[in-house]
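Student: Take this structure first; my questions come after.
What follows is the structure in structure tokens.
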């Protein structure tokens, strides 16, 4: 993954840092599930996803009860069975997840006509990765933003981030500021 220039500390800051206690962000208004480490949403995962990350069996088993649960169902599970991991385990999850996530994002970017993701300035890579970290598949979840970044319509992407229409205005503004740095 070293050929990418993503500022993961920027993303970690926007995600609220590395969490060792499970939480459900905005349970009533989002599709999020129990989240652990740096934005690792168990509601969007299946057991096969954890196995593919080659995490220790004990850690995967600890996360298993929360897989696929989102919103209020995730909150209910978390209230009856709180999830807690160590800082070392959170780092292990982060490291296992980052590379395949970014590789999929970069491959999708290239297949959709955006070119070599690694050739984008670090700020652009970081902004695209940040939005993808929160929303997952950008082509289906944020199609306008995805079309703009694939087409290298950076002015459009910048304007879009400033008027994204989601509940995360502060995050989108910080991403817009970072994108603007690369555009200047």
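Numbering (UniProt numbering), first residue to last: 1 to 184.
Glycine included, each C-beta is placed from N, C-alpha and C at the ideal position.
Just so it is clear, the structure is predicted and the values come from calculations on it, not from any experiment.
#1: Report all residues from its chain with a CB closer than 8 Å to the CB of residue 78; omit the five preceding and five following residues, and keep chain order.
#2: Buried or exposed for residue 47, going by 16 or more other Cβ atoms inside 10 Å?
#3: Just list the alpha helix (DSSP H) runs in the stretch 24 to 58, keeping only unbroken ones of 4 residues or longer that don't cross its boundaries, in chain order.
#4: On the criterion of 16 or more Cβ atoms from any shown chain inside 10 Å, does residue 81 qualify as buried, or is it exposed?
#5: Roughly how many angstroms lie between the CA atoms of residue 39 and residue 58, to the nearest whole one?
#6: To which residues of the same chain is residue 136 closer than 7 Å at the C-beta, ignoring the five residues directly before and after it?
#7: Could you tell me whether the stretch 164 to 171 touches the stretch 107 to 127, where touching means 3 or more Cβ pairs closer than 8 Å?
#8: Count the other CB atoms within 10 Å of the CB of residue 185; is the residue buried (16 or more) or exposed (fewer)?
#9: List the endpoints of the continuous alpha helix (DSSP H) containing residue 123.
Tutor: In terms of the structure at hand:
#1: To locate residue 78, count along the chain shown from 1; it is residue 78. Closer than 8 Å at the Cβ level, and outside the excluded window around residue 78, lie 22, 23, 24, 34, 66.
#2: Start at 1 with the first residue of the chain shown, and residue 47 comes out as number 47. Exposed is the call here.
#3: 47 to 52, all fully within the stretch 24 to 58.
#4: Here the question's residue 81 lines up with position 81 in the chain shown. It counts as exposed.
#5: In the chain shown, counting from the first residue as 1, residue 39 sits at position 39. In the chain shown, counting from the first residue as 1, residue 58 sits at position 58. C-alpha separation (whole angstroms): 20 Å.
#6: Looking up residue 136 in the chain shown gives position 136. Leaving aside the five residues that flank residue 136 on each side, the residues in its chain whose CB is nearer than 7 Å to its CB run, in chain order, 44.
#7: Result no; under three Cβ-Cβ pairs closer than 8 Å.
#8: Here the chain has residues from 1 to 184 only, and residue 185 is not among them.
#9: Taking the first residue of the chain shown as 1, we reach residue 123 at position 123. 122 to 135 is the span of the alpha helix (DSSP H), which, as asked, contains residue 123.
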